Amino acid sequence: MKRSLLILHGAIGASSQLKAIAGKLSVNYDVHLFDFPGHGGKELPDKPFSIALFSAAVLSYIQENKLQQLTIFGYSMGGYVAMHLAKYYPAFINRIITLGTKFHWDEATASKEIKMLDAAAIVAKVPAFAAALEEMHAPNDWKDILQRTANMLIEMGRDNPLKPEDYKEIKIPSLIMLGDRDRMVTLEETVAIYKSLPDAQMAMLPGTPHPVEQVNPALVSYLIERT
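Here the sequence shown is numbered in the UniProt record's numbering, starting from 1 and rising by one per residue.
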C-alpha cells in the first residue's frame with residue numbers, strides 16, 4: 001500500500017497550483033490535494049480565516065479519508081498549517097515538509113504582507129493575476145478571499161499561533177525547504193525553525209523564488225522522495 005501524501009497550498013492560492021508536483025509524486029504516494037475553506041471554489045466558512053480553522057479542516061479530511069503513513073507537504077501558508085497540525089495532532093502525521101513558509105509573524109511583518117493583498121492595486125498593476133485569482137476561487141469573490149486573508153495575517157501579527165518554543169516540541173521528522181531567490185521568507189527565520197525542531201533537515205533550492213508557479217516540480221518531488 002502506498003504511503004499517503006497530503007499537499008497544502010499557500011495563502012490566497014488553491015490546490016490546482018500544485019498539480020504538477022502532485023503528478024510527479026503520484027507514482028510512489030497516494031496523493032491528496034486539499035483546498036482550505038473558501039479557497040479553490042470551496043464554500044466560504046462562517047468564521048474568519050485562521051490557522052486553527054484551516055488546521056481543523058485538514059484534520060477532518062485526514063480522519064474522514066483514513067490517511068495512513070501520512071506525509072504532509074505544505075507550500076507557504078500550507079507549511080505553517082502543517083506545523084500547527086504537527087504541534088497539536090502529532091499522532092496523525094509521520095512527516096512534515098514545508099517550502100517557502102513564513103514562520104516569523106509580528107505586527108510589522110503582517111503590515112508589510114497585507115500591502116500585497118490590495119485588490120484594487122492588483123487589478124490595476126497585474127490584471128492577469130487578478131483574472132487568475134478570479135478563476136481559481138470561483139464562484140467565490142477573490143477580493144473577499146484577499147480581505148479575509150489580510151484580516152488573518154493581522155491577527156497572526158498580533159498573536160503568532162506558533163511561538164518559537166512550540167517548535168521544540170514538534171518531534172515529527174521534518175524537511176524545511178526554502179528557495180534561494182525567495183523575497184518573502186528570510187533565511188534567518190527558516191534556519192531558526194530548522195534548528196529548533198528536534199528532528200529536521202533543511203534544503204535550499206537553487207534558482208527558486210517564492211511563487212509556486214516558478215518552483216521546479218521535478219526538484220521539489222526529488223527532495224520529498226529522498227528524505
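We put the CB at the ideal spot given by N, CA and C, even for glycine. The structure presented is a predicted model; accordingly, all values stated were derived computationally and were not measured.
Collapsed DSSP secondary structure at residue i in the structure displayed
{"i": "Tyr89", "result": "coil"}
{"i": "Gly157", "result": "helix"}
{"i": "Ile170", "result": "coil"}
{"i": "Met177", "result": "strand"}
{"i": "Arg3", "result": "strand"}
{"i": "Leu223", "result": "helix"}
{"i": "Met116", "result": "helix"}
{"i": "Leu162", "result": "coil"}
{"i": "Met152", "result": "helix"}
{"i": "Ala138", "result": "coil"}
Whole-Å CB distance - residue i paired with residue j, under 8 Å assumed
{"i": "Ile193", "j": "Phe103", "result": "5 Å"}
{"i": "Ile62", "j": "Phe92", "result": "5 Å"}
{"i": "Gly100", "j": "Gly179", "result": "6 Å"}
For residue i, the nearest candidate out of the options (CA to CA)
{"i": "His39", "options": "Val126, Pro139, Glu213 and Ile122", "result": "Pro139"}
{"i": "Leu223", "options": "Leu205, Gln214 and Pro211", "result": "Leu205"}
{"i": "Glu213", "options": "Glu189, His9 and Glu135", "result": "His9"}
{"i": "Leu73", "options": "Arg3, Gln63 and Lys168", "result": "Note that residue 73 is Phe in the sequence shown, not Leu. Out of Arg3, Gln63 and Lys168, Arg3 has the C-alpha closest to the C-alpha of Phe73."}
{"i": "Pro198", "options": "Ala86, Ala131, Pro217 and Glu169", "result": "Glu169"}
{"i": "Lys112", "options": "Met184, Leu33, Lys195 and Pro209", "result": "Met184"}
{"i": "Leu33", "options": "Lys42, Ala22 and Met83", "result": "Ala22"}
{"i": "Leu117", "options": "Pro90, Asp106 and Met152", "result": "Met152"}
{"i": "Val81", "options": "Pro209, Ile122, Ala108 and Met156", "result": "Met156"}
{"i": "Gln69", "options": "His210, Val191, Pro211 and Ile172", "result": "Ile172"}
Buried versus exposed call for residue i [16 or more other C-beta atoms within 10 Å across all chains shown]
{"i": "Arg95", "result": "buried"}
{"i": "Leu85", "result": "buried"}
{"i": "Pro5", "result": "It is Leu, not Pro, that sits at residue 5 in the sequence shown. Buried, since its Cβ has 16 or more Cβ neighbours within 10 Å."}
{"i": "Pro161", "result": "buried"}
{"i": "Lys24", "result": "buried"}
**Request:** Could you tell me which uninterrupted beta strand (DSSP E) segments, each at least 3 residues in length, are contained entirely in the UniProt domain "AB hydrolase-1" (5-108), listed from first to last along the chain?
**Result:** 29-34, 71-75 and 95-99
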